[in-house]
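> Start counting the sequence shown at 28; every next residue gets the next number (the numbering used here).
Ideal placement from N, C-alpha and C gives every residue a C-beta, glycine not left out.
All figures in this text were calculated on a predicted structure; none of them were measured in a lab.
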Amino acid sequence: MGLIHTCIRVRDIDASLAFYKQLGFEVRGRLNFDTAYNVYLGLPGDRDRLELTVNIGHDEPYELGDGYNHIAITVSELDSKLEELAEAGIEPDNPPYKVLGKPIRIAFVRDPDRQLQTLS
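#1: How many angstroms separate the CA atom of Tyr47 from the CA atom of Asp138?
#2: So the beta strand (DSSP E) Leu79 belongs to, where does it begin and stop?
#3: Measuring alpha carbon to alpha carbon, tell me which of Arg74, Thr62 and Glu111 ends up nearest Val54.
#4: Please tell me whether Gly56 and Pro71 are closer than 8 Å, where the distance is taken between their beta carbons.
#5: Since Ile133 and Tyr124 are thought to touch, with beta carbons under 8 Å apart, how far apart are those beta carbons, to the nearest angstrom?
#6: Express the C-alpha separation of Gln144 and Tyr95 in angstroms, rounding to a whole number.
#7: Would you tell me roughly how many angstroms separate the C-alpha atoms of Val102 and Glu118, rounded to the nearest one?
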């Protein structure tokens with residue numbers, strides 16, 4: 028068994044693609060259906076891991092419930108990535124912070140549909 032990908036429903040594919048490209052994702056393909064389409068993304072050197080689904084005609088925000096939390100992504104240098112994101116208008120929810128007992132720092136940013144993503 029293995030994890031194939033994670034799917035996120037989005038309303039504005041252009042805004043979502045711009046956001047995920049800032050995090051380093053590459054567009055890998057698209058699959059069209061009668062009432063929806065999927066855009067598949069992956070990070071360099073990895074396979075497709077993220078599916079953005081657009082349900083045609085769905086203009087209201089999606090209810091995320093309280094079960095979803097975030098997708099975690101590693102970056103080579105957190106501060107420079109946050110500077111790059113800031114230039115694109117993407118700010119972290121809070122300043123980066125250290126994880127207790129670990130030599131890493133993390134920050135959370137939100138995609139255009141206000142879904143939380145973690146950078147470390």
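Here's the rundown:
#1: C-alpha of Tyr47 to C-alpha of Asp138: approximately 8 Å in a straight line.
#2: Its beta strand (DSSP E) spans residues Asp75 to Asn82.
#3: Among Arg74, Thr62 and Glu111, the Cα nearest to that of Val54 is on Arg74.
#4: No. Outside cutoff.
#5: Right, their Cβ atoms sit about 7 Å apart.
#6: In this structure, the straight-line span from the alpha carbon of Tyr95 to that of Gln144 is close to 11 Å.
#7: One C-alpha to the other measures close to 16 Å.
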